[in-house]
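Trainee:
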Amino acid sequence: MNERKGFSIAGIPLIVVCVALLAMGFGIVTHANNGLPLWLPAIAAPMVATAVFLAKGFFQVAPNEGQVLQLFGKYAGTVRLEGLRWTNPFYSKQRVSLRVRNFESGKLKVNDSDGNPIEIGAIVVWQVVDTAEAVFCVDDYENYVHIQSESALRQMAQSYPYDAHDDSKASLRSHGEVINSHLRDEIQTRLGKAGVQVVEARISHLAYAQEIAQAMLQRQQAGAIIAARTQIVEGAVSMVEMALDQLSKRGVVQLDEERKASMVSNLLVVLCGERGTQPVVNTGSLYSG
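The numbering used here puts the first residue of the sequence shown at 1, with every later residue one more than the last.
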């Protein structure tokens with residue numbers, strides 16, 4: 001079921017008509033004994049009843065709001081025109097907000113794709129774009145949005161690891177744009193039938209569950225240390241290679257393979273060591289005997 005335009009007209013002219021009917025009706029009753037024709041009092045009651053009946057057709061539409069009209073349970077259209085409106089008095093009316101709304105899910109405990117328990121939460125920004133689907137296709141569209149958003153969040157969280165060991169693989173912690181886009185698409189797929197558009201969805205909370213948080217922190221620290229050491233070694237090797245190359249090109253000293261190996265060893269110790277090294281002056285020869 002898709003939204004369509006409902007019948008309504010401006011309410012101000014109808015207010016004038018209703019006031020005129022009421023004034024005429026009460027005026028006739030008031031002056032009934034002043035020589036008026038006998039048939040005039042007979043129409044006073046219908047005039048007042050007509051004014052009261054017409055008054056039931058008035059309703060107000062605020063900005064970014066729609067009024068869903070039904071005639072004896074059948075959908076009769078939606079009115080989005082702002083201001084005081086009038087429609088068939090037999091129509092029942094239901095207000096539906098078209099404003100942008102948002103909510104934050106609770107902290108959900110799920111397992112990521114590696115089986116690690118994590119806590120995750122999200123903020124979802126949404127709005128109704130089809131009032132007919134929102135009212136008639138689901139029982140309570142606001143509750144439906146909340147439940148389906150949390151379900152989509154669980155499904156998405158189980159599709160990615162919290163922290164990927166391979167940089168080319170998306171993870172919950174390091175690929176925010178990819179994760180948020182996936183989450184938005186996942187929620188939109190579920191809410192499309194309810195006439196709801198997801199404006200934005202993003203992760204608001206992400207952490208390991210308490211029972212494994214300490215162990216995972218130690219693993220992250222170990223990974224950071226290994227990555228730092230790898231970078232240090234790569235830099236040290238480049239510096240040693242550059243030093244040997246410069247010494248060879250400038251002819252500062254002639255080194256055989258054994259002396260080169262000794263120099264490389266000493267430089268790597270100095271460059272890769274955690275603590276400052278103490279210089280030792282060798283006054284002898286590298287060779288003995």
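Where is the CB? At the ideal position from N, CA and C, for every residue including glycine.
#1: Apply the 10 Å Cβ neighbour rule to A42 and answer buried if 16 or more other Cβ atoms are within range, or exposed otherwise.
#2: Give me the residue from V240, L22, V100 with the minimum Cα distance to F53.
#3: Let's test the definition: count the other Cβ atoms within 10 Å of the Cβ of V252 and tell me whether it reaches 16, buried, or not, exposed.
#4: Considering only the alpha carbon of each residue, which of V196, K93, G235, E241 lies closest to C272?
#5: Taking P306 as part of the beta strand (DSSP E), name the residues at either end of that continuous run.
#6: Distance check for S265 and R259, CA to CA, integer angstroms please.
#7: Please tell me whether Q221 has its Cβ less than 7 Å away from any Cβ of chain C.
#8: Please return the same chain residues whose Cβ sits closer than 8 Å to the Cβ of G289, not counting the five positions on each side in sequence.
#9: Does DSSP classify R85 as helix, strand or coil?
#10: Here's the rule: buried if 16 or more other CB atoms are within 10 angstroms of the residue's CB, otherwise exposed. What is I187?
#11: Taking just the CA atoms, how far does G73 sit from E82?
#12: Tell me which residues share the same chain as H182 and place their Cβ nearer than 7 Å to its Cβ, disregarding the 5 neighbours each side in the sequence.
#13: Report yes if the CB atom of V145 is closer than 7 Å to the CB atom of V196, and no otherwise.
#14: Report the partner residues of E65 according to the DSSP bridge assignment.
#15: Pull up the distance between the alpha-carbon of F7 and that of T87, whole angstroms please.
#16: Relative to the C-alpha of Y160, which candidate in S149, R173, S151, E150 has its C-alpha closest?
#17: I believe V125 touches E200 by the beta-carbon criterion, under 8 Å. Please report the beta-carbon distance rounded to the nearest angstrom.
#18: Going along the chain, which residues of its own chain have a beta-carbon closer than 6 Å to the beta-carbon of A228, five neighbours each way excluded?
#19: Counting only the same chain and skipping the five closest in sequence on each side, list residues whose C-beta sits under 8 Å from that of M47.
#20: Below 8 Å CB to CB, which residues in the same chain sit around L244 once its five sequence neighbours on both sides are set aside?
#21: Alpha carbon to alpha carbon, what distance is there between K107 and T230?
#22: Looking only at DSSP bridge pairs, what is R202 linked to?
#23: Does DSSP put F162 in a helix, a strand or coil?
#24: In terms of residue numbering, what span does the alpha helix (DSSP H) encompassing G25 cover?
#25: With a threshold of 6 Å on Cβ separation, who are the neighbours of F58 within its own chain once the five nearest residues in sequence on each side are excluded?
#26: Starting from E77 and walking both ways along the beta strand (DSSP E), at which residues does that stretch end?
#27: DSSP three-state call for G289: helix, strand or coil?
#28: Which of the three DSSP states, helix, strand or coil, is assigned to S171?
Mentor: Checking against the coordinates, here is how it stands:
#1: Stepping through the sequence shown from its first residue, residue 42 is reached at position 42. Looking at its Cβ environment, which holds fewer than 16 other Cβ atoms inside 10 Å, A42 is exposed.
#2: Here the question's residue 53 lines up with position 53 in the sequence shown. Cα-wise, what sits closest to F53 is L22.
#3: What you label residue 252 is simply residue 252 of the sequence shown in a count that begins at 1. Exposed, by the Cβ-count rule.
#4: Here residue 272 corresponds to residue number 272 of the sequence shown, with the count starting at 1. Considering only alpha carbons, the answer is G235.
#5: There is no way to answer for residue 306, as the model of the chain reaches only from 1 to 289.
#6: Within the sequence shown, numbered from 1, the residue matching residue 259 stands at position 259. Within the sequence shown, numbered from 1, the residue matching residue 265 stands at position 265. Going from the Cα of R259 to the Cα of S265 covers about 10 Å.
#7: Although the question refers to chain C, the structure presented lacks it and comprises just one protein chain.
#8: The count along the sequence shown starts at 1 and reaches residue 289 at position 289. In this predicted model, G289 has a pLDDT of only 48, less than 50, meaning its place in the structure is not dependable; the value taken from the coordinates is given anyway. The answer is none, since no qualifying residue turns up.
#9: Position 85 of the sequence shown, counting from 1, holds the residue named residue 85. The answer is strand: DSSP assigns R85 an E or B state.
#10: Translated into positions along the sequence shown, residue 187 becomes position 187. I187 is buried by the Cβ-count criterion.
#11: Start at 1 with the first residue of the sequence shown, and residue 82 comes out as number 82. Start at 1 with the first residue of the sequence shown, and residue 73 comes out as number 73. Each residue's Cα considered, the two are about 24 Å apart.
#12: Along the sequence shown, read from residue 1 onward, the residue named residue 182 stands at position 182. Answer for H182: M156, listed in chain order.
#13: Start at 1 with the first residue of the sequence shown, and residue 145 comes out as number 145. Start at 1 with the first residue of the sequence shown, and residue 196 comes out as number 196. Yes, the pair counts as a contact, with Cβ atoms nearer than the cut-off.
#14: The sequence position of residue 65 within the sequence shown is 65, counting from 1. Paired residue(s): S97.
#15: Mapped onto the sequence shown, residue 7 falls at position 7. Mapped onto the sequence shown, residue 87 falls at position 87. Between F7 and T87, the C-alpha separation is close to 6 Å.
#16: Here residue 160 is taken as the residue at index 160 of the sequence shown, counted from 1. That would be R173, whose Cα lies nearest to the Cα of Y160.
#17: In the sequence shown, residue 125 corresponds to position 125, counting from 1. In the sequence shown, residue 200 corresponds to position 200, counting from 1. Indeed, because the Cβ distance is near 4 Å, the residues count as touching under 8 Å.
#18: Taking the first residue of the sequence shown as position 1, residue 228 is located at position 228. Closer than 6 Å at the Cβ level, and outside the excluded window around A228, lies no residue.
#19: Translated into positions along the sequence shown, residue 47 becomes position 47. L21, L22, M24, G25, I28, listed in sequence order.
#20: Against the sequence shown, residue 244 aligns to sequence position 244. Around L244: L255, K260, M263, V264.
#21: Here residue 230 refers to the residue found at position 230 of the sequence shown. Here residue 107 refers to the residue found at position 107 of the sequence shown. So the alpha carbons of these two residues sit roughly 37 Å apart.
#22: Stepping through the sequence shown from its first residue, residue 202 is reached at position 202. BP columns for R202 point to I123.
#23: Numbered from 1 along the sequence shown, position 162 holds the residue referred to as residue 162. The sequence given here places Tyr at residue 162; Phe does not occur at that position. Y162 falls in the coil class under three-state DSSP.
#24: Along the sequence shown, one-based indexing puts residue 25 at 25. Element bounds for G25: 11-30.
#25: In the sequence shown, residue 58 corresponds to position 58, counting from 1. Excluding sequence neighbours, F58 sits near G11, W86.
#26: Position 77 of the sequence shown holds residue 77. In the sequence as presented, Glu is not what sits at residue 77; that position holds Gly. G77 -> beta strand (DSSP E) spans 74-79.
#27: As a position in the sequence shown, residue 289 is number 289, starting the count at 1. Confidence is the limiting factor: at G289 the pLDDT is only 48, short of 50, which leaves the residue's position unreliable, though a coordinate-based value still follows. If DSSP states are grouped into helix, strand and coil, G289 belongs with coil.
#28: What you label residue 171 is simply residue 171 of the sequence shown in a count that begins at 1. Coil, per DSSP.
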